[in-house]
Amino acid sequence: MREKYTTSPRKCDLVRLQVQNVDKPLYRGTFHCFQSIVRQESMLGLYKGIGSPMMGLTFINAIVFGVQGNAMRRLGSDTPLNQFLAGASAGAIQCVICCPMELAKTRMQMQGTGEKKSKRKLYKNSLDCLVRIYKKEGFRGINRGMVTTFVRETPGFGVYFLAYDVLTRSLGCEPEDPYMIPKLLFAGGMSGIASWISTYPVDVIKSRLQADGVGGVNKYSSIMDCVRQSLKKEGWRVFTRGLTSTLLRAFPVNATTFATVTLFLMYMREGEECRIQDSEPQPVQLQPLQQQTQPTSM
21 MREKYTTSPR KCDLVRLQVQ NVDKPLYRGT FHCFQSIVRQ ESMLGLYKGI GSPMMGLTFI
81 NAIVFGVQGN AMRRLGSDTP LNQFLAGASA GAIQCVICCP MELAKTRMQM QGTGEKKSKR
141 KLYKNSLDCL VRIYKKEGFR GINRGMVTTF VRETPGFGVY FLAYDVLTRS LGCEPEDPYM
201 IPKLLFAGGM SGIASWISTY PVDVIKSRLQ ADGVGGVNKY SSIMDCVRQS LKKEGWRVFT
261 RGLTSTLLRA FPVNATTFAT VTLFLMYMRE GEECRIQDSE PQPVQLQPLQ QQTQPTSM
């Protein structure tokens with residue numbers, strides 16, 4: 021899948037870079053952000069919000085590949101357009117889990133910025149974060165950023181599966197190919213990069229909306245207000261903030277994900293074909309009847 025929910029430390033500095041105040045920036049770039057988090061908050065600071073992705077990752081993977089596979093069967097022919105449509109449908113449906121999960125992750129990662137030991141913790145963990153948001157803001161609160169998540173995930177997953185399909189066809193990833201695994205890794209990694217580049221500006225806005233209100237003050241009244249304020253203060257470069265961190269993580273994570281899933285499905289298909297062949301009844305060889313000679317009586 022297009023891996024947004026990894027527990028990688030890179031995800032923490034990505035969110036910090038996307039939502040930091042441009043008037044008083046804490047970080048100059050990806051590497052400086054990484055260094056600052058380790059120095060100020062220890063290595064544990066890199067893993068803030070890890071609970072939320074771990075809780076939802078299994079469900080999201082199941083939804084994405086399950087919906088994509090069923091959609092392809094419904095669409096019939098295996099074409100690049102159908103791959104895009106099947107991926108887009110999978111991305112749209114998994115937003116139900118993805119949005120609250122990313123909200124909790126973002127809030128946890130923004131908590132105690134620059135503090136080795138947070139003096140005032142709003143949330144104990146990801147689950148506590150969602151419960152507190154629900155009590156304060158209701159159902160709408162835990163789905164903050166749902167529209168931007170939907171706008172990001174639907175075309176993003178479409179590009180993800182389309183790019184993987186095109187690359188595997190171009191590279192000739194056949195089971196008998198001795199270089200099949202390296203080709204699958206390359207195709208998966210490049211698919212993740214293509215997917216992120218296609219929707220990254222939306223991800224920046226989503227992160228800002230979900231982080232809005234962490235300090236008790238809401239800066240944005242709507243999606244368009246967030247876009248306007250961000251453009252006015254930071255210009256077009258705001259939509260690439262944190263992109264380096266994202267792409268550094270995207271290639272290895274998505275390469276591993278797609279290669280693992282593809283090899284697993286190939287193994288399952290081979291096993292199913294063997295079971296079908298073993299269960300088929302063997303044809304009975306009928307021997308021709310020998311004509312018996314009747315004894316004659318004298």
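Numbering of the sequence shown is given in this note's numbering, commencing with residue 21 and proceeding in unit increments. Every residue, glycine too, gets a C-beta built ideally from N, C-alpha and C.
Looking only at L263, I243, M286 and G192, the smallest Cα-Cα distance to R164 is reached by I243. Judged by their CB atoms, V258 and L267 are not nearer to each other than the 8 angstroms cut-off.
Just measuring C-alpha positions, the residue of P221, F206 and T260 sitting nearest R189 is F206.
When the Cα atoms are used, A106 and G176 turn out to be separated by approximately 12 angstroms.
With fewer than 16 other beta carbons inside 10 angstroms of its own, S241 counts as exposed.
Taking one beta carbon from each stretch, the stretch 166-176 and the stretch 143-154 have fewer than 3 pairs nearer than 8 angstroms; the two do not touch. Rounded to whole angstroms, the gap between the alpha carbons of V84 and T174 is 11 angstroms. Counting every other CB atom within 10 Å of its CB across the protein chains shown gives K141 a total below 16, marking it as exposed.
Here the alpha carbon of G209 sits roughly 24 angstroms from the alpha carbon of C119. Excluding residues up to 5 positions away in sequence, F259, T260, L263 and T266 lie with their Cβ nearer than 8 angstroms to the Cβ of Y220 in the same chain. Here P198 is not near M286, since their CB atoms are 8 angstroms or more apart. Comparing C-alpha distances from L123 to each of N274, G89, R160 and A112 shows the shortest one belongs to R160.
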